[in-house]
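K.L.:
Residues in the sequence shown are numbered consecutively from 11, following the working numbering.
Virtual Cβ for every residue (Gly too), placed ideally from N, Cα, C.
Note that the structure is a prediction, hence the values are computed from the model and not measured.
Sharing a structure here in structure tokens format.
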Amino acid sequence: MKAILLDWDGVLCDSRTLYYDLYFEAARRWKKKMPIQTMEEFLEWYNPRWEENYYEMGFTPEEFQEVQVWSDEYLDYNSAPLFPGIADNLRRWSEVAPLAIVSTTNSALIRQRMRAELGLQTVSLGRGPQGEPSGGPPADPPVVGVRAGDTTPEEALHLKAAEASLDSYFRHFTGGEDGSSAKREKVARTLEILGVKEGVMVGDTPLDVDAGQFNGLKTVGVTYGWVSAARVRQAGPNFLVDRPEDLYQTVLDSLK
């Protein structure tokens with residue numbers, strides 16, 4: 011059996027701006043100086059060993075502990091959309107391989123965002139300005155994409171309960187509760203929990219690619235995430251994805 015291990019930020023969730031703003035707000039609150047000013051500079055500056063970013067900004071170990079607590083309260087993932095097609099990709103991937111999240115983000119925040127996505131798709135989908143369902147119709151629409159008016163309230167609630175949540179597609183979540191960015195160890199622990207030794211690691215940073223390679227996995231590097239495309243390519247993943255629309259098939263190809 012082969013598993014699909016997925017990073018969260020920059021792969022499934024378009025949260026780059028959320029954290030770009032977070033760093034600037036942290037610098038303002040703790041009176042530190044940001045070493046960069048633009049998003050383009052952020053893509054080159056961001057270190058996926060994220061603890062080091064704060065130390066570079068001048069945070070002391072004590073202040074770093076404070077900012078960790080504050081950031082979990084400050085972050086609002088409801089303002090960070092999932093990339094196009096991700097909800098449907100998760101459903102279809104889960105039918106061919108066990109899925110797991112391997113992230114440095116607190117898994118409670120990830121689960122909360124996934125459950126909010128279900129609510130948005132089941133309850134809040136209306137008609138877009140051109141008559142299309144808001145959010146764009148996936149190639150193979152999931153059951154949760156029911157529009158208001160297509161079912162009775164009782165049927166909508168039944169569908170919502172049956173689908174549970176996007177997080178129900180996952181066998182395991184390895185998150186950042188330990189306050190560490192040690193991806194090699196996180197991947198190894200996830201594989202052990204799943205009981206598998208083969209599969210693919212999908213990530214948007216050199217750290218993700220390194221963690222997958224170290225643990226004997228195929229690697230998919232996406233270039234639309236948190237670091238520049240050049241940095242991802244330099245890490246040497248087995249597969250590269252430049253557009254979210256191409257992620258589904260590339261992950262399947264990596265399992266062959």
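1. Are at least three pairs of beta-carbons, each pair with one atom in the region 193–203 and one in the region 211–222, less than 8 Å apart?
2. Closer than 7 Å by C-beta to residue 203: which residues in its own chain qualify, once you throw out the five before and the five after it? Chain order, please.
3. Does DSSP put residue 22 in a helix, in a strand, or in coil?
4. Using a Cβ distance threshold of 8 Å, determine whether the region 12–23 contacts the region 100–111, with at least three qualifying pairs required.
5. If residue 120 and residue 185 are in contact, beta carbons under 8 Å, what's the gap, nearest whole angstrom?
6. Given a cut-off of 8 Å, decide if residue 257 and residue 232 are closer than it, judged by their beta-carbon atoms.
7. Measuring CA to CA, which of 78, 70, 210 and 47 is closest to residue 265?
8. Round the Cβ separation of residue 55 and residue 45 to the nearest angstrom and send it over; I've been treating them as touching at under 8 Å.
9. Quickly, what does DSSP pair residue 15 with across the bridge? List them, please.
10. Got a sec, what are the start and stop residues for the alpha helix (DSSP H) residue 224 sits in?
11. Taking residue 50 as the reference, which of 255, 234, 251 and 252 has the closest Cα?
12. Just verifying my parser: in three-state terms, what is the DSSP assignment at residue 85?
13. Taking the C-alpha atoms as reference points, what is the distance between residue 164 and residue 47?
14. Roughly how many whole angstroms lie between the Cα atoms of residue 15 and residue 205?
P.N.:
Taking the definition as stated:
1. yes
2. As a first step, residue 203 is located in the sequence shown; it is residue number 193 there, counting from the start. Cβ neighbours of residue 203 beyond the five flanking positions: 182.
3. Residue 22 sits at position 12 when you count from the first residue of the sequence shown. In the structure shown, residue 22 sits in coil (DSSP, three-state: anything other than H, G, I, E or B).
4. yes
5. Residue numbering aside, residue 120 sits at position 110 when the sequence shown is read from its first letter. Residue numbering aside, residue 185 sits at position 175 when the sequence shown is read from its first letter. Between residue 185 and residue 120 the Cβ distance is about 6 Å, and since that is below 8 Å, they are a contact.
6. Working through the sequence shown from its first residue, we reach residue 232 at position 222. Working through the sequence shown from its first residue, we reach residue 257 at position 247. Their beta carbons are under 8 Å apart, which means residue 232 touches residue 257 by this criterion.
7. One-based indexing of the sequence shown puts residue 265 at position 255. Taking only the C-alpha atoms, the option nearest residue 265 is 210.
8. Walking along the sequence shown from the start, residue 55 turns up at place 45. Walking along the sequence shown from the start, residue 45 turns up at place 35. Rounded, the Cβ-Cβ distance is 6 Å, consistent with contact.
9. Position 5 of the sequence shown, counted from the start, is the residue given in the question as residue 15. 110 and 211, per the DSSP bridge assignment.
10. Looking up residue 224 in the sequence shown gives position 214. 216–224 is the extent of the alpha helix (DSSP H) around residue 224.
11. Taking the first residue of the sequence shown as position 1, residue 50 is located at position 40. Checking every option, the nearest Cα to that of residue 50 belongs to 234.
12. Indexing the sequence shown from 1 puts residue 85 at position 75. Residue 85 falls in the coil class under three-state DSSP.
13. One-based indexing of the sequence shown puts residue 164 at position 154. One-based indexing of the sequence shown puts residue 47 at position 37. Any reading at residue 164 must be qualified, since the residue scores a pLDDT of 45, below 50, and its modelled position is unreliable; the value itself is stated next. Rounded to whole angstroms, residue 164 to residue 47 spans 50 Å at the Cα level.
14. Here residue 15 corresponds to residue number 5 of the sequence shown, with the count starting at 1. Here residue 205 corresponds to residue number 195 of the sequence shown, with the count starting at 1. If you take the alpha carbons of residue 15 and residue 205, they lie about 13 Å apart.
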